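Novice: Quick note: the sequence shown uses this note's numbering, first residue 16, plus one each step. Below is a structure I'd like to ask you about.
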Amino acid sequence: MVNWEDTFDEIAQASPEMALLPIGAIEQHSYHLPVATDYLIAQALAERVAKELDNCYLLPALPFSCSREHCDFYGTVWLRPSTLAAVVEDLTRSLHHHGISKVVLLVAHGGNWIIKPTLREINLDRRGLHVILTTPDAGTAGQGESADLHAGRFETSLSMHIHPHLVKMDRARPDFSPAQGREFFDYTGIGAVSPTGLWGAPSKASAEEGERLLREAAARAVAYIKHTFAEIDRLESERQR
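Here it is, written out as structure tokens:
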């Protein structure tokens, strides 16, 4: 694995085939978690994943993304979806310029819906470049708590493990899940349905659970990345026959 701490010559000598780009966010996470929560989770998970991938170039996490649904809360900053799409396109284009043919977007913020159509356009427009997407909770559908969407048990547990010194559990608000569905992130923003910015149960969180969640998320991501690129290679090979 090489990363941004290496020189250009060390990266050139490694000649990585794959790059891993974590994407986080700077947005409110209620009263007990830092606004950098998604960014920190993205970076920590990506570092673990990159160590298990052959000849991977790990990029620093992109801190800013589409967080306008949290605009009622101080400290939140956001990019427009079109801006994030352009950033992803430019970064993948620059990686491809240096011979990297596989890019993994590890997205730790659920509001980045624009990334999926963006990578579809990249994949269909640029031959020889394949971009895939994974998330910390990929592969857990139906296994978690549907009411744990923001600053709740999942993110608090991860934070207690990754950066415990930044978690202020003495300031945590009571567990809360609005009566409305998650589509209200888009309809009104979270501030209208949760004045504390919370959507979940941080009281159930623990550092021990956070360590397990990070380990399992990394294992799922590594398995998915390896399987997906192997399948893409197989399909491309068959298409060229």
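Think of the CB as a built atom: it goes at the ideal place given N, C-alpha and C, for glycine as much as any other residue. Predicted model, so just to flag it, every value in this text is computed and none were measured.
#1: DSSP beta-bridge partners for V258?
#2: Just grab the DSSP bridge partners of L181 for me.
#3: Does DSSP put Y239 in a helix, in a strand, or in coil?
#4: Using the DSSP secondary-structure output, state which residues sit across from M175 in a beta bridge.
#5: Taking three-plus beta-carbon pairs below 8 Å as touching, is the stretch 61-71 in contact with the stretch 177-193?
#6: Indicate the three-state DSSP secondary structure (helix, strand or coil) for H165 in the structure shown.
#7: Given this structure, state the Cα-to-Cα distance separating G114 from R108, to the nearest angstrom.
#8: Going along the chain, which residues of its own chain have a beta-carbon closer than 6 Å to the beta-carbon of N127, five neighbours each way excluded?
#9: Just to confirm before moving on: does the CB-CB distance between E136 and T91 stay below 8 Å?
#10: Quick one: give me the first and last residue of the alpha helix (DSSP H) that A34 is part of.
#11: Please work out which residues of its chain come closer than 7 Å, Cβ to Cβ, to V146, disregarding the five sequence neighbours upstream and downstream, and give them in chain order.
#12: Excluding sequence positions up to five away, which residues of its chain have a Cβ less than 6 Å from the Cβ of S218?
#13: Taking 8 Å as the threshold (C-beta atoms), are I38 and L77 in contact?
#14: Which whole-angstrom value is the C-beta distance of L164 and H111, which I expect to be below 8 Å?
#15: Is M175 closer than 8 Å to A222 when the C-beta atoms are compared?
#16: Give me, in chain order, the residues of the same chain whose beta-carbon lies closer than 6 Å to that of A27; leave out the 5 immediate sequence neighbours on both sides.
#17: Are the C-beta of I240 and some C-beta of chain C separated by less than 8 Å?
#18: Output yes or no for whether 8 Å exceeds the beta carbon distance between I129 and P96.
#19: I need the straight-line Cα distance from A238 to D105, nearest angstrom please.
Specialist: Taking the structure as given:
#1: The chain is shown from 16 up to 256; residue 258 falls before or after that span and cannot be answered.
#2: According to DSSP, which records beta bridges pairwise, L181 is partnered with nothing at all.
#3: helix
#4: Beta bridge pairing from DSSP links M175 with no other residue.
#5: no
#6: strand
#7: 10 Å
#8: S80, C81
#9: No Cβ-Cβ contact shorter than 8 Å links E136 with T91.
#10: Segment 33-38 is the beta strand (DSSP E) holding A34; no alpha helix (DSSP H) there.
#11: T107, V118, L120, L134, I137, N138
#12: D190
#13: Against a cut-off of 8 Å, the Cβ pair of I38 and L77 comes out as a contact.
#14: Taking 8 Å as the upper bound for CB-CB distance, L164 and H111 are not in contact here, some 35 Å apart.
#15: yes
#16: none
#17: In the structure shown, chain C does not exist; there is a single protein chain.
#18: yes
#19: Put simply, the backbone Cα of A238 is about 27 Å away from that of D105.
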